[in-house]
Amino acid sequence: MSEDADKSSKTEEPTVKKLADAKERGSVAVSREVNTWMILMAGAIMLVMFLPDIANDFRIMLIKFVEQPHDISFDQGNMHEVISKVLMDFLRILSVPFILFLVVSIGSGVLQNGVNFSPKAIEPKLEKFSIKTGVKRIFSGRQVIEFLKGIFKIAIVGTVAAIPLIPTFKRIDALPTYDVVTLPGQLHELVFILFTGVLAVLAVIAIIDLLYQRWEHTRSLRMTKQEVKDEHKTTEGDPTAKQRLRKVRLERAQRRMIQAVPEADVVITNPTHFAVAMKYNPEEMSAPVVVAKGQDLIAFKIREIAEENDITIIENKPLAQALYFGVDIDEEVPEEHYKAVAEIISYVWNLKGRMMPAEELQQPAAAAE
Numbered sequence: 039m040s041e042d043a044d045k046s047s048k049t050e051e052p053t054v055k056k057l058a059d060a061k062e063r064g065s066v067a068v069s070r071e072v073n074t075w076m077i078l079m080a081g082a083i084m085l086v087m088f089l090p091d092i093a094n095d096f097r098i099m100l101i102k103f104v105e106q107p108h109d110i111s112f113d114q115g116n117m118h119e120v121i122s123k124v125l126m127d128f129l130r131i132l133s134v135p136f137i138l139f140l141v142v143s144i145g146s147g148v149l150q151n152g153v154n155f156s157p158k159a160i161e162p163k164l165e166k167f168s169i170k171t172g173v174k175r176i177f178s179g180r181q182v183i184e185f186l187k188g189i190f191k192i193a194i195v196g197t198v199a200a201i202p203l204i205p206t207f208k209r210i211d212a213l214p215t216y217d218v219v220t221l222p223g224q225l226h227e228l229v230f231i232l233f234t235g236v237l238a239v240l241a242v243i244a245i246i247d248l249l250y251q252r253w254e255h256t257r258s259l260r261m262t263k264q265e266v267k268d269e270h271k272t273t274e275g276d277p278t279a280k281q282r283l284r285k286v287r288l289e290r291a292q293r294r295m296i297q298a299v300p301e302a303d304v305v306i307t308n309p310t311h312f313a314v315a316m317k318y319n320p321e322e323m324s325a326p327v328v329v330a331k332g333q334d335l336i337a338f339k340i341r342e343i344a345e346e347n348d349i350t351i352i353e354n355k356p357l358a359q360a361l362y363f364g365v366d367i368d369e370e371v372p373e374e375h376y377k378a379v380a381e382i383i384s385y386v387w388n389l390k391g392r393m394m395p396a397e398e399l400q401q402p403a404a405a406a407e
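Quick look at the structure:
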């Protein structure tokens with residue numbers, strides 16, 4: 039009862055500090071389903087790209103043992119050399135798939151939560167070796183949900199995988215009758231159908247699970263009103279905590295800003311030290327709006343994203359510096375820069391086949407009023 043009462047009193051969303059502390063402890067929302075999907079996708083890519091070469095390398099490695107076993111000396115002196123060569127060839131052949139799976143496994147966690155190395159997460163703790171704690175963990179509500187989710191996933195994946203294979207059942211029965219030339223092609227087609235169905239349903243499950251894990255993680259970190267008040271009192275007088283909060287908020291703001299770059303119409307650069315991304319929609323805005331800006335590394339990132347999204351990049355040193363220092367994110371361009379900005383946007387729109395109305399060529403809509 040006390041645990042239920044405690045949970046019901048935690049009505050407040052976790053603060054930035056609470057989330058940062060949890061991340062420092064290694065407590066982050068991670069979806070195993072996303073990991074599974076990415077590893078299976080990597081496996082599918084490997085099958086398509088590397089399987090023929092891997093099979094051929096294994097054939098070359100083993101053909102001597104099959105066709106010319108009498109030429110291989112298995113005496114004690116030569117045995118070590120033969121085994122060493124086979125093992126080295128084996129490792130060489132499988133090195134590319136192994137590296138691919140390793141990168142995908144690490145990348146999955148990085149994509150979900152960014153780079154987060156937490157020494158506290160691997161510290162030995164006595165409660166981890168407690169039988170009572172272990173039993174509680176096994177029969178906890180979370181584990182029951184994971185168990186039910188596993189059964190549901192097996193049922194759904196099995197059903198979805200079987201449906202596209204139903205029309206091919208006759209061909210599956212006939213597989214033993216195919217010759218060596220025809221069999222690989224038939225198997226490849228069946229495996230492709232199976233993998234496509236499985237990956238499609240697992241992608242849906244992974245998205246749902248990722249959203250659930252993030253919701254559950256946030257819910258588990260909820261706070262009482264008193265905890266929020268106490269934390270506020272503590273952090274107000276703690277310079278280190280203030281600095282960390284500023285850092286977390288800055289990182290969040292930068293992430294949101296970078297995500298807005300693909301929506302920009304143009305990026306104005308210094309060219310290397312400053313970059314300012316602007317967006318203008320005459321129907322919704324009275325003047326162009328700065329959606330992102332940055333210096334040095336962030337400027338480089340803005341230019342990189344602009345290039346990836348085919349956004350025009352214009353070099354204008356005075357204007358880039360003036361906008362960087364004089365306009366905040368999501369603010370409209372000041373009136374003194376209307377003419378220069380309007381000329382640039384008009385030029386960009388003409389490049390892309392859009393036309394700015396004649397009355398807006400000298401200045402945005404607000405300036406004409």
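FYI, this note's numbering numbers position 135 of the sequence shown as 173, with every residue one higher than the one before it.
Just so it is clear, CB atoms sit at the ideal spot from N, CA and C, and this is done for glycine as well.
On a predicted model such as this, the values are computed, not experimentally measured, just so you know.
Count the other CB atoms within 10 Å of the CB of residue i; is the residue buried (16 or more) or exposed (fewer)?
| i | result |
| --- | --- |
| arginine 341 | buried |
| lysine 285 | exposed |
| proline 52 | buried |
| threonine 307 | buried |
| phenylalanine 270 | The displayed chain sequence assigns histidine, not phenylalanine, to residue 270. Exposed: under 16 other Cβ atoms inside 10 Å. |
| serine 143 | exposed |
| valine 182 | exposed |
| methionine 87 | exposed |
| leucine 249 | exposed |
| methionine 117 | exposed |
| leucine 140 | exposed |
| valine 229 | exposed |
| aspartate 303 | buried |
| leucine 361 | buried |
| alanine 200 | exposed |
What is the rounded straight-line gap between the Cα of residue i and the Cα of residue j?
| i | j | result |
| --- | --- | --- |
| glutamine 251 | lysine 317 | 35 Å |
| isoleucine 352 | leucine 389 | 12 Å |
| lysine 267 | arginine 293 | 28 Å |
| phenylalanine 190 | leucine 78 | 19 Å |
| valine 371 | valine 327 | 6 Å |
| leucine 357 | threonine 350 | 16 Å |
| proline 300 | aspartate 348 | 9 Å |
| arginine 63 | arginine 282 | 15 Å |
| valine 236 | valine 148 | 24 Å |
| phenylalanine 312 | glutamine 359 | 7 Å |
| valine 124 | isoleucine 192 | 38 Å |
| leucine 132 | alanine 241 | 27 Å |
| glutamate 345 | glutamate 322 | 26 Å |
| glutamate 50 | alanine 60 | 16 Å |
| serine 122 | lysine 56 | 53 Å |
| alanine 93 | valine 120 | 20 Å |
| phenylalanine 136 | arginine 130 | 10 Å |
| alanine 378 | isoleucine 296 | 24 Å |
| alanine 80 | glutamate 265 | 44 Å |
Can you look up residue i in the DSSP assignment and give me helix, strand or coil?
| i | result |
| --- | --- |
| threonine 234 | helix |
| phenylalanine 338 | helix |
| methionine 261 | strand |
| valine 327 | strand |
| glycine 391 | coil |
| threonine 197 | helix |
| glycine 364 | helix |
| threonine 350 | strand |
| glycine 332 | strand |
| isoleucine 317 | Before going on, a small fix: residue 317 reads as lysine here, not isoleucine. Residue state, collapsed to three classes: strand. |
CB-CB under 8 Å to residue i, same chain, minus the five flanking residues each way: which ones, in chain order?
| i | result |
| --- | --- |
| aspartate 127 | Asp95, Met99 |
| glutamine 150 | Val66, Ala67, Val68, Ser69, Val72, Leu248 |
| isoleucine 194 | Val239, Ile243 |
Nearest to residue i by CA position, among the options, is which residue?
| i | options | result |
| --- | --- | --- |
| alanine 325 | Gly391, Lys123, Met76, Glu369 | Glu369 |
| isoleucine 243 | Asp303, Gly64, Arg63, Arg70 | Arg70 |
| alanine 291 | Gly235, Val365, Pro309, Val329 | Val329 |
| tryptophan 75 | Thr256, Ala67, Ile246, Val229 | Ile246 |
| glutamate 254 | Glu184, Ile343, Val386, Leu232 | Glu184 |
| alanine 58 | Leu259, Leu240, Phe230 | Leu259 |
| lysine 339 | Asp366, Asn319, Ile121, Val305 | Val305 |
| valine 72 | Arg282, Ala238, Ala313, Lys263 | Ala238 |
| threonine 310 | Ala302, Met323, Ile296, Ile336 | Ile336 |
| aspartate 91 | Val134, Ala200, His375, Met295 | Val134 |
| leucine 288 | Gly332, Phe363, Ser47, Val386 | Gly332 |
Grab me the residues of residue i's own chain with a C-beta within less than 7 Å of its C-beta, minus the 5 sequence neighbours each way, in chain order.
| i | result |
| --- | --- |
| leucine 399 | Confidence at leucine 399 is low in this model, with a pLDDT of 39, below 50, so the placement of that residue is unreliable and no value is reported for it. |
| alanine 298 | Val329, Ala330 |
Could you name the residues of the same chain whose beta carbon sits closer than 6 Å to that of residue i, not counting the 5 residues immediately before and after it, in chain order?
| i | result |
| --- | --- |
| threonine 197 | none |
| alanine 67 | Gln251, Arg252, His255 |
| phenylalanine 233 | Ala82 |
| isoleucine 343 | Val299 |
Taking CB distances under 8 Å as the criterion, tell me whether residue i reaches chain C.
| i | result |
| --- | --- |
| threonine 53 | Note that chain C does not occur in the displayed structure, where there is just one protein chain. |
At a threshold of 7 Å, does residue i count as lining the ligand HEM (C-beta to nearest heavy atom)?
| i | result |
| --- | --- |
| glutamate 353 | Ligands in the displayed structure: none, and consequently the ligand HEM is not present. |
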